[in-house]
Amino acid sequence: MNRLKNSSKWIEDAIKGFIENSTENTLKNQENDKAFETPLIGFSRGDDPLYEAFKEHVGPFCMTPWEIFAISFREFSVKPEELTVISWVLPHNKATKADNRKEKYYPSERWARGRIFGEEVNEKLRKYLQSYLESEGYKAIAPTLAPQFSIRISPKHGIASTWSERHAAYASGLGTFGLCDGLITSVGKAMRVGSVVARIQVSPTPRPYAKHTEYCLYFTDGICGKCISRCPVGAITESGKDKAACYRHLFPVTKDYVTSNYGFDGYGCGLCQTLVPCESKIPNRKDGL
Ligand code: SF4
Ligand code: SF4
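Just so we're on the same page, my numbering is the position in the sequence shown counted from 1, plus 2.
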């Protein structure tokens, strides 16, 4: 099927316009700081073999774009190749990252706001893009908002879900995985990520990497490992991230802290995403020494 060249621009403009102009993009603090800076956007085909491969690597519960779409719109008969995954990366604002760089155990207030209210922005963006595409005549579904989205346990990776925003971003040419399990992108890994699956033809974004860990200095050059020492509870080692140990720090430790110190119901950490060479860019060898 013919994928229309340049048909991505209006979608990119819609996503960027929402983040740049909408009053919804806020940390809801006194300063009314924006939660996110200009997004990165990528596209992948609904029939990209990577989506089937995720079932093998993460778990059989991972849904392909086609499975998500077909369950959400049972009235349509659609083929995987008719679908496109639209993926985006929302970089945390500079002040949020700067505040969290100073922290050693708990999240800064801006970071915790970015985790909670930032994700609310991300969710509103998913809904906005879904309706915008529909208004232009393209059926669309944000997988994490679909009733079939759920948390599962992966035999290899522990806590996982039926749709991984990071894996969709990886498939859409936006980044590769780091030792700490975050996705390292051209704007770093201090970010949040989202996606929508739509029945639309868009040229896929080239993946400028050959390996799924290509941007991490530990995997490529055997150096860095700075996320290991950033973790206050030893959840990251040379073997990767212990998700259960990370989760135990988030709940109840950071949740209690955020509630009593910052006055809202939230949690967060992100110390391994800040004050590391891959925080805001793809690191080079010099950064990891
Ligand atoms: S801090 Fe270093 S080792 Fe950790 S993910 Fe980033 S590049 Fe990889
Ligand atoms: S989010 Fe915090 S607790 Fe979890 S791995 Fe990163 S630094 Fe450690």
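Virtual Cβ for every residue (Gly too), placed ideally from N, Cα, C.
> Is P206 near S46, with beta carbons less than 8 Å apart?
Replying inline: yes
> Count the other CB atoms within 10 Å of the CB of A170; is the residue buried (16 or more) or exposed (fewer)?
Replying inline: buried
>> At 4 residues or longer, what runs of the alpha helix (DSSP H) sit wholly inside the region 164-189?
In response: 167-173
>> Run the Cβ filter for me: residues under 6 Å from any heavy atom of ligand 1, listed in the order they occur in the chain.
In response: G180, L181, C182, C218, L219, Y220, C226, G227, K228, C229, V278, P279, C280, P285 and G290
> When DSSP labels each residue in this structure, what does N286 get in the three-state scheme?
Replying inline: coil
>> According to DSSP, is H159 part of a helix, a strand, or is it coil?
In response: coil
> Which stretch, first to last residue, makes up the alpha helix (DSSP H) that contains S262?
Replying inline: K257 to Y264
> Taking K36 as the reference, which of A200, G190 and L92 has the closest Cα?
Replying inline: L92
> Anyone know if the C-beta pair for S197 and E167 falls short of 8 Å?
Replying inline: yes
> Under a three-way DSSP split, which group does T28 fall into?
Replying inline: coil
>> Give me the residue from V278, R194, D289 and H214 with the minimum Cα distance to A100.
In response: V278
> When the Cα of S188 is compared with those of A16, P210, K141 and Y264, which residue comes out closest?
Replying inline: P210
> Hey, quick one: how far does the beta strand (DSSP E) through F71 stretch, first residue to last?
Replying inline: Per DSSP, F71 belongs to no beta strand (DSSP E); it is in the alpha helix (DSSP H), P67 to S74.
> According to the Cβ coordinates, are G31 and F38 closer than 8 Å?
Replying inline: The displayed chain sequence assigns Asn, not Gly, to residue 31. No, the pair does not count as a contact, with Cβ atoms beyond the cut-off.
> From this set, K141, R287 and C271, which residue's C-alpha is nearest S79's C-alpha?
Replying inline: K141
> In the DSSP assignment, what are the bridge partners of T86?
Replying inline: R47 and A200
> Name the DSSP beta bridge partners of K243, please?
Replying inline: I238
>> Here's the rule I'm using: 16 or more other beta-carbon atoms within 10 Å means buried, otherwise exposed. How should M3 be labelled?
In response: Confidence at M3 is low in this model, with a pLDDT of 44, below 50, so the placement of that residue should be treated as unreliable; the coordinate-derived value is given next. Label assigned to M3: exposed.
>> For a test of the three-state rule: what should DSSP assign to P93, helix, strand or coil?
In response: strand
>> Is the separation between the beta-carbon of G61 and that of P145 shorter than 8 Å?
In response: no
> Going by Cα to Cα distance, which pick from I73, H94, K18 and A72 is closest to A192?
Replying inline: H94
> Based on the DSSP output, what are the partners of I21 in its beta bridges?
Replying inline: Answer by DSSP bridge pairing: none, since I21 is not bridged.
> Is there at least one non-hydrogen atom of ligand 2 closer than 7 Å to the beta-carbon of A237?
Replying inline: yes
> Since T222 is in the alpha helix (DSSP H), which residue starts that stretch and which ends it?
Replying inline: L219 to D223
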